[in-house]
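In what follows, a single structure is set out as structure tokens and then discussed.
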Amino acid sequence: MADKITTMYSEEEVNKRIKELGEQISKDFAGKKLTMICILKGAAAFACELAKRIDIPVEMEYMRCSSYGNETESSGVVKIALDLDEPIREKNILVVEDIIDTGRTMSYLLEILRQRGPAELKLCSLLDKPDRRVADVDIDYTGFVIPDKFVIGYGLDYAQKYRNLPYIGVVEPGE
Ligand code: IMP
Ligand code: MG
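Under the numbering used here, read the sequence shown as residues 1205 to 1379, first letter to last.
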């Protein structure tokens, strides 16, 4: 049986929200230079769309983390699989993530980045799933707060599938 996908946020709704986030971020960082750190792979689509909606100078950097754990829950033991190639000392950093779930990955990552001495360190996440939080994470910019459902699309995957969907959906795996 094929996976069943139902729309949670349409392409129009997501794009509208990203435009609002971009405007807010542009205002908050006005007069400054911003370095976005896109967390691969999940945040790639979101980070690109967000960057296009920000009208101050932006540099884009990429990191990839892998979190040891089972398929549905991260362990908090995070390995940096791809690190930044530039120092971030004294820079204004905006970390861009797809979703904060248990918060384990991001609380660990933010601590590592904080130790590198950025001028500012802010977090923007397309989605926030607060029901499953076990590690505290301050999210400065949130796209949507969602219930405890497994979502896909707009960069988010289920077993590496569906990242290319232009909307956010809920997936119920088929047999
Ligand atoms: P956590 O906050 O450390 O539990 O892990 C967050 C990571 O788990 C995200 O960056 C996603 O890669 C993945 N994740 C959590 N919930 C979902 C979901 O609903 N769909 C797709 N990936 C998810
Ligand atoms: Mg991720």
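Ideal placement from N, C-alpha and C gives every residue a C-beta, glycine not left out.
Segment limits, alpha helix (DSSP H) that includes residue i
i     : result
E1294 : Looking at the DSSP string, E1294 is not in any alpha helix (DSSP H), and its letter there is neither H nor E.
L1244 : L1244 -> not in any alpha helix (DSSP H); beta strand (DSSP E) instead, spanning 1238-1244.
I1316 : 1308-1318
I1350 : Counting along the chain, I1350 falls outside any alpha helix (DSSP H), and DSSP gives it neither H nor E.
8 angstroms Cβ cutoff met for residue i and residue j
i     : j     : result
G1373 : V1341 : no
A1251 : M1264 : yes
G1359 : G1235 : no
V1281 : L1313 : no
P1334 : V1349 : yes
Of the listed residues the options, nearest to residue i (C-alpha basis)
i     : options                    : result
I1304 : E1290, A1251, L1330        : L1330
I1260 : K1231, A1247, L1286, G1246 : K1231
T1239 : K1333, V1282, L1254        : L1254
E1227 : S1270, C1328, R1318, L1317 : C1328
L1325 : P1334, K1333, D1332, E1315 : E1315
L1369 : G1357, I1229, I1209        : G1357
D1344 : I1297, D1335, D1287        : I1297
F1233 : V1375, K1295, Q1364        : K1295
G1347 : M1212, D1207, A1206        : M1212
Terminal residues of the beta strand (DSSP E) in which residue i lies
i     : result
D1332 : 1324-1332
I1372 : 1372-1376
L1209 : Sequence check: residue 1209 is Ile here, not Leu. Note, I1209: beta strand (DSSP E), 1208-1213.
Buried or exposed (CB count within 10 angstroms, at least 16 for buried), residue i
i     : result
V1300 : buried
G1321 : exposed
M1310 : buried
G1378 : exposed
D1352 : exposed
V1218 : buried
D1332 : buried
V1338 : exposed
Three-way DSSP call (helix, strand, coil) for residue i in this model
i     : result
K1337 : In the sequence as presented, Lys is not what sits at residue 1337; that position holds Arg. R1337: coil per DSSP, three-state reduction.
V1369 : Contrary to the premise, residue 1369 reads as Leu rather than Val in this sequence. L1369 falls in the coil class under three-state DSSP.
S1271 : strand
A1363 : coil
E1379 : coil
D1302 : strand
A1247 : coil
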